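Keeping their order, the protein sequence lines are chains A and B.
First residue of the first sequence? That's 1 in my numbering, and the numbers climb one at a time after it.
First residue of the second sequence? That's 1 in my numbering, and the numbers climb one at a time after it.
We put the CB at the ideal spot given by N, CA and C, even for glycine.
Treat the numbers as computed from the prediction; the structure is a model and nothing was measured.
Comments concern the structure below.
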Amino acid sequence: MNHNSASIDTEQNPLVRLTHVRRTYTAGEMDIEVLRDVNLTVAQGESIAIRGVSGSGKSTLLNIMGGIDCATSGQVEVCGWTLNGLSSKEFTRFRREKVGFIFQFYNLLPTLSALENVMVGPESAGFPQSKARARAEEYLEAVGLADKAWKFPEQLSGGEQQRIAIARALAKEPPLILADEPTGSLDEDTAAMVLQLLDRLKLEHRLTFIVVTHNPALSDHTDRSLFLHNGSLSELTPNRIAH
Amino acid sequence: MKLLVTHVVRAGWRIRYRLAAVALVVAAGFGIYAGVYSAIDLLFDRRNQEFEEGHVADLEVRFAPEDSQRIPDLGSLPGIAESESRLVFPGQMMLADQPPLLTLMVTIDPVNGGHINRLKILEGEGISRDKPDHVVIDRNMAAFHHLKPGDSIELVMADESYHLKVCGIGLSPEFLLAPANPRVFIPSKGSLGVVYGLPQLIQERVGLPMVNSLLIRLKPGESVEKWTDEILSKLEGQLLLDQVIPSTEQFGSRFLELSLNAFRVCLPALVIVFDLTAFLVTFFLLFQWIVQERREIGNLMAFGYDRGVIGLAYLIPVAILGIIGSVVGLAVALAASCLFSTNYADSIGFPHPELALIPHHILVGVGGVGVILLAAVSWPLIWLLRLTPLEAVRESMGQGTDRLGILKQILAWLPGRIWLRYAMRNLARRKSISAMTILSVAAGLGVTISFFINLTSNAGTAVNMIRNDPWSAILELFAPVPIEDAREFEAVDGVEKAVPFTKLSARLAGPLSKENIAIGGIPPESGIRQPEILAGRGLQAGDQEALVLERNLAEKCGVQIGQKVTIDSFGKKKEATVVGFLSGALPGEAYVPLSWAQDIQESGDLCSGFFLIFKGDPEQTRKSLFEKGNIAQITLKTEIVAKILETTGEKVGIIRLGAIFSVVITLLFIFCSVSFTILQRKQEYVMLRVLGMSDGSIVSTIIAEVLFLGLIAVLLAIPVGYQTAHFLNSRVSEAWFNVTLVAEIGDFLKTLIPGLLLMPIAALGAIRQILREPLDRSLRERQCG
Chain A
1 MNHNSASIDT
11 EQNPLVRLTH
21 VRRTYTAGEM
31 DIEVLRDVNL
41 TVAQGESIAI
51 RGVSGSGKST
61 LLNIMGGIDC
71 ATSGQVEVCG
81 WTLNGLSSKE
91 FTRFRREKVG
101 FIFQFYNLLP
111 TLSALENVMV
121 GPESAGFPQS
131 KARARAEEYL
141 EAVGLADKAW
151 KFPEQLSGGE
161 QQRIAIARAL
171 AKEPPLILAD
181 EPTGSLDEDT
191 AAMVLQLLDR
201 LKLEHRLTFI
211 VVTHNPALSD
221 HTDRSLFLHN
231 GSLSELTPNR
241 IAH
Chain B
1 MKLLVTHVVR
11 AGWRIRYRLA
21 AVALVVAAGF
31 GIYAGVYSAI
41 DLLFDRRNQE
51 FEEGHVADLE
61 VRFAPEDSQR
71 IPDLGSLPGI
81 AESESRLVFP
91 GQMMLADQPP
101 LLTLMVTIDP
111 VNGGHINRLK
121 ILEGEGISRD
131 KPDHVVIDRN
141 MAAFHHLKPG
151 DSIELVMADE
161 SYHLKVCGIG
171 LSPEFLLAPA
181 NPRVFIPSKG
191 SLGVVYGLPQ
201 LIQERVGLPM
211 VNSLLIRLKP
221 GESVEKWTDE
231 ILSKLEGQLL
241 LDQVIPSTEQ
251 FGSRFLELSL
261 NAFRVCLPAL
271 VIVFDLTAFL
281 VTFFLLFQWI
291 VQERREIGNL
301 MAFGYDRGVI
311 GLAYLIPVAI
321 LGIIGSVVGL
331 AVALAASCLF
341 STNYADSIGF
351 PHPELALIPH
361 HILVGVGGVG
371 VILLAAVSWP
381 LIWLLRLTPL
391 EAVRESMGQG
401 TDRLGILKQI
411 LAWLPGRIWL
421 RYAMRNLARR
431 KSISAMTILS
441 VAAGLGVTIS
451 FFINLTSNAG
461 TAVNMIRNDP
471 WSAILELFAP
481 VPIEDAREFE
491 AVDGVEKAVP
501 FTKLSARLAG
511 PLSKENIAIG
521 GIPPESGIRQ
531 PEILAGRGLQ
541 AGDQEALVLE
551 RNLAEKCGVQ
561 IGQKVTIDSF
571 GKKKEATVVG
581 FLSGALPGEA
591 YVPLSWAQDI
601 QESGDLCSGF
611 FLIFKGDPEQ
621 TRKSLFEKGN
631 IAQITLKTEI
641 VAKILETTGE
651 KVGIIRLGAI
661 FSVVITLLFI
671 FCSVSFTILQ
681 RKQEYVMLRV
691 LGMSDGSIVS
701 TIIAEVLFLG
711 LIAVLLAIPV
721 GYQTAHFLNS
731 RVSEAWFNVT
741 LVAEIGDFLK
751 TLIPGLLLMP
761 IAALGAIRQI
771 LREPLDRSLR
781 ERQCG
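Next up, the structure:
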């Protein structure tokens with residue numbers, strides 16, 4: 001296996017396909033290469049974990065797949081969209097229709113209630129208000145927080161806030177969920193509870209799920225684990241873990 | 001310390017544009033204060049300078065024309081410095097396609113006279129004995145009737161026609177303002193011509209060296225009041241006295257004093273609001289800067305720098321800002337002074353004052369700049385320097401205040417799309433900033449509204465002073481005629497009714513002082529004059545010796561309603577009972593029954609003019625009336641109303657200037673407060689973009705927030721403006737005539753619509769920054785919420 005490309009279950013129509021992706025940043029007169037020749041294919045319904053040390057480029061990779069950042073070179077195809085050279089408007093439409101995000105720090109809007117925070121997803125995806133509300137209530141129910149619909153983020157615990165963030169990501173029913181350290185800010189018990197929730201929702205909704213994390217426990221909840229080191233992506237084998 | 005200062009100056013340089021905005025704001029605040037107050041002082045200085053250079057008369061005595069050889073010598077009175085006599089003769093200047101212009105011929109002896117009320121030649125040359133048909137004309141007459149040296153004019157005086165040549169254009173301290181229409185006490189440009197000629201011009205036709213005006217200058221320090229009595233007692237019996245005018249009651253001086261004092265009442269409100277807003281804007285910007293420097297300040301404290309030294313280091317760029325603000329402020333002050341003074345001078349036909357600033361106002365302004373900057377930077381600095389280094393590095397300033405508080409439950413039920421709910425709720429997050437923004441914007445817009453209302457009220461009140469009267473025109477005669485002549489005028493086509501009146505000057509001795517009054521004698525049953533009665537009543541049918549007095553004069557003299565007073569018309573005394581106080585723009589205005597006025601004048605049944613009620617076309621009727629002889633002037637009511645509105649219209653320029661400053665500073669304030677709050681929520685907007693919210697929805701969110709703020713401010717500005725106008729009107733009423741509050745919808749809309757429409761512009765900078773923010777970089781910085 002080539003260390004610079006992950007082993008994948010080849011499918012006819014993968015949901016994510018990254019081909020020779022590079023990402024460099026310029027700092028003063030220096031070019032810093034964060035990702036170098038990354039190749040990745042993720043099939044529909046597959047869940048993968050991307051692990052690596054701080055600064056290895058995990059979040060950059062996730063951002064490129066989510067249409068938040070652009071690759072310097074290489075081909076990025078996600079959910080049938082080729083993300084190279086899209087305009088800002090097209091990127092917005094892509095994110096609105098195709099991707100649900102879950103962040104380490106929940107990133108809920110403090111002035112909106114739990115229900116309204118969940119409604120942001122479907123409403124920005126163009127759902128009518130009544131449908132957006134029904135969908136938000138359904139997903140609040142799914143994450144077990146229907147009774148906290150009118151609570152504001154500051155009135156909720158960290159675990160509850162992350163469950164709201166998960167409901168927000170799922171409520172517009174996107175084909176792809178991207179999660180950046182979803183349990184990074186939670187204690188062990190709460191993190192376990194959130195992982196169980198994600199497992200259940202993946203099964204129920206047949207989600208394609210890509211998560212970047214430091215947490216080895218998260219790998220146990222995904223179909224595959226990949227390791228990002230010095231900007232290169234590789235399949236994480238038990239041997240490699242031992243190494 | 002050097003390294004510390006270098007760090008702070010470089011930190012300041014990083015936000016140089018924001019700091020430049022601070023410098024501009026304080027410069028504007030300083031400039032408006034120093035400029036406007038300097039302009040007022042300079043206008044008064046110009047008046048005083050003209051009075052001094054032109055040797056203005058302390059006192060003028062008017063009397064029936066008399067041989068100049070028979071004028072008593074006043075040199076024996078020890079308080080008198082000099083005196084000279086002249087002839088002031090009314091006539092008409094013939095104008096093409098227009099009614100004849102009432103014109104005063106003022107004679108000047110170029111050799112022995114002309115020392116008092118000295119004529120300054122602005123263009124051409126003065127009069128000389130070898131050119132008897134040459135005259136100098138007043139600069140306002142030249143300007144409004146397009147006359148210049150070399151032009152020929154035709155003047156008709158006492159049925160004699162004079163063909164004269166204009167040799168020069170002059171300025172006399174007697175006519176500093178555009179000549180007045182005393183009916184409404186406003187400078188009405190072009191309504192009166194003033195021509196200066198040789199005494200021989202009239203002497204040749206009349207045969208005698210006639211004079212009817214005595215100009216008197218007192219020795220320095222002598223009291224006008226004291227010598228007025230002495231002079232009158234010396235002249236009484238020898239001359240047929242008509243009028244005594246001290247320089248302080250001369251129209252130009254009096255109008256300037258009252259009108260500028262009215263501005264002095266209004267302007268502090270503008271300056272206070274402007275400077276308060278400037279302070280808040282400065283506070284916001286410097287507060288933002290210091291908050292941004294929080295981590296650096298925490299680090300500096302951790303490195304062991306003394307807190308006082310850190311504070312001092314941050315004061316250095318602020319001091320530089322103060323210097324820049326003061327220098328730019330001087331330029332703003334000069335521009336404001338020039339704009340205000342020239343605009344005002346033009347509106348009343350006053351000569352332009354010199355372009356300068358008053359040092360006292362500059363010093364106060366510079367002091368104000370220092371205080372504003374020091375106060376704005378000290379608060380956040382003191383707050384930060386009280387923290388431990390760890391707190392300064394870790395804590396996010398104001399984090400605890402970023403809550404919805406008690407409004408939360410109400411806002412939770414707010415209907416509408418999510419972006420709209422988010423926008424509305426954001427207003428409640430920083431309640432103090434939102435409240436401060438709303439109050440400042442409401443105050444700025446409210447004060448501007450109040451100026452427009454005040455102007456409308458002044459014009460409306462002045463117009464209403466005559467609009468309620470039934471007359472259509474005032475006809476003034478060169479020489480009195482019997483009241484029966486009314487029938488002759490009523491026979492003219494277009495005239496329905498002619499009501500006689502007579503005018504006389506007199507003195508009223510009250511318990512507190514002795515004052516000059518201008519009395520109008522009218523038939524009490526006619527109801528032809530309907531002045532606003534502030535206390536008591538107006539004239540009624542059957543009144544024999546009733547007197548209705550202008551309120552300020554009554555207060556000055558200390559007379560009460562019901563009190564019997566003695567009126568002294570140059571030796572002829574008669575009692576009258578005060579029955580009411582009226583509101584009048586003309587100081588000393590008073591009304592008595594016509595028969596009472598005729599008695600004191602011993603003029604039998606003569607009158608000096610008629611109030612006319614027209615039934616036909618006013619212009620045509622006036623033309624027909626002028627065909628009769630002995631008519632000095634016919635003033636249409638519509639003309640007076642138009643003059644009032646014209647004068648008001650010219651002052652609108654000054655108000656607009658104030659309005660522009662107010663709106664600009666209001667926008668600047670919104671810009672700062674909105675930028676402050678929106679940019680603090682940058683991460684949240686980035687998150688909304690990440691979640692797929694379109695740029696249009698983000699823009700709508702921000703604009704909705706700004707407009708909602710603006711809408712509340714606009715609603716609040718309406719009562720603020722109305723109440724401020726009420727206050728300003730009451731202050732003007734105390735100083736001048738009773739101003740009734742007249743507010744038109746346009747007074748509100750002229751300010752509120754541009755203010756509301758321009759508000760979103762103030763958010764454009766923040767919108768641009770939010771939309772250009774790279775998503776990935778922002779997500780790395782910090783979580784939102």
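Leucine 539 of chain B is positioned such that its CB atom lies no closer than 8 Å to that of proline 470 of chain B. The three-state secondary structure of phenylalanine 350 of chain B, taken from DSSP, is coil.
Residue range 551-557 is occupied by the alpha helix (DSSP H) that includes cysteine 557 of chain B. The beta-carbon distance between valine 441 of chain B and isoleucine 670 of chain B, rounded to whole angstroms, is 6 Å. This is short enough to meet the 8 Å contact definition.
Closer than 8 Å to the CB of leucine 109 of chain A there is at least one CB belonging to chain B. For tryptophan 150 of chain A, the number of other beta carbons within 10 angstroms of its own is below 16, and it is reported as exposed. Proximity of glutamate 684 of chain B to chain A, defined by a Cβ-Cβ separation below 8 Å, is satisfied.
In the structure shown, leucine 636 of chain B adopts extended strand secondary structure according to DSSP, grouped into three states. Using a CB distance cut-off of 8 Å, isoleucine 433 of chain B does not count as an interface residue toward chain A. For glutamate 116 of chain A, the chain B residues whose C-beta falls within less than 9 Å of its own C-beta are Ala412, Ile418, Arg421 and Tyr422, listed in chain order. Boundaries of the beta strand (DSSP E) around alanine 590 of chain B: 589-593.
Residues of the stretch 688-716 of chain B that bring their beta carbon within less than 9 Å of a beta carbon in chain A comprise Leu688, Arg689, Val690, Leu691, Gly692, Met693, Ser694, Asp695 and Ser697, in sequence order. Nearest to serine 73 of chain A by alpha-carbon distance, out of A:Val16, A:Val21 and A:Phe103, is A:Val21.
Nearest neighbour of isoleucine 116 of chain B by Cα position, chosen from B:Gly31, B:Glu60, B:Gly126 and B:Ile655, turns out to be B:Glu60. In the displayed model, isoleucine 272 of chain B falls within a helix according to three-state DSSP. Less than 8 Å divides the Cβ of leucine 140 of chain A from the Cβ of leucine 115 of chain A. Taking CB atoms only, leucine 779 of chain B has a neighbour in chain A less than 8 Å away.
Rounded to whole angstroms, the gap between the alpha carbons of valine 194 of chain A and glutamate 46 of chain A is 19 Å. Chain order gives the chain B residues near phenylalanine 101 of chain A as Val690 and Leu691, where near means a beta carbon separation below 8 Å. DSSP, read as helix, strand or coil, puts histidine 221 of chain A in coil. Close partners of leucine 775 of chain B in chain A (Cβ separation under 8 Å): Asn63, Ile68 and Asp69. The stretch 600-613 of chain B and the stretch 431-451 of chain B do not touch, with fewer than 3 CB-CB distances between them shorter than 8 Å. The Cβ atoms of valine 22 of chain B and leucine 285 of chain B sit closer than 8 Å to each other. For arginine 768 of chain B, not one C-beta of chain A is nearer than 8 Å to its own C-beta.
Sequence-distant Cβ neighbours of glutamine 292 of chain B in its own chain, meaning closer than 8 Å and more than five residues away, are Ile15.
Looking at the DSSP output, proline 500 of chain B shares a beta bridge with B:Phe610. Within the same chain, Cβ atoms closer than 6 Å to the Cβ of leucine 475 of chain B are found at Gly609, Phe610, Leu612 and Ile634, the five residues on either side in sequence being excluded.
Minimum Cα-Cα distance from valine 211 of chain A among the listed residues A:Leu203, A:Thr222, A:Glu204 and A:His205 corresponds to A:Thr222.
For serine 326 of chain B, the three-state secondary structure derived from DSSP is helix. Taking all protein chains shown into account, proline 482 of chain B has fewer than 16 neighbouring C-beta atoms within 10 Å of its C-beta and is therefore exposed. By a beta-carbon distance limit of 8 Å, alanine 27 of chain B contacts valine 332 of chain B. Their separation comes to about 5 Å. Secondary structure of histidine 361 of chain B (DSSP, three-state): helix. A straight-line Cα-Cα distance of about 49 Å links glycine 460 of chain B and glycine 75 of chain B. A residue is called buried once 16 or more other Cβ atoms fall within 10 Å of its Cβ, and proline 415 of chain B, having fewer, is exposed.
In the displayed model, lysine 151 of chain A falls within coil according to three-state DSSP, outside both helix and strand.
Distance from phenylalanine 279 of chain B to alanine 435 of chain B at the Cβ level is roughly 16 Å; contact not present, criterion being Cβ atoms closer than 8 Å.
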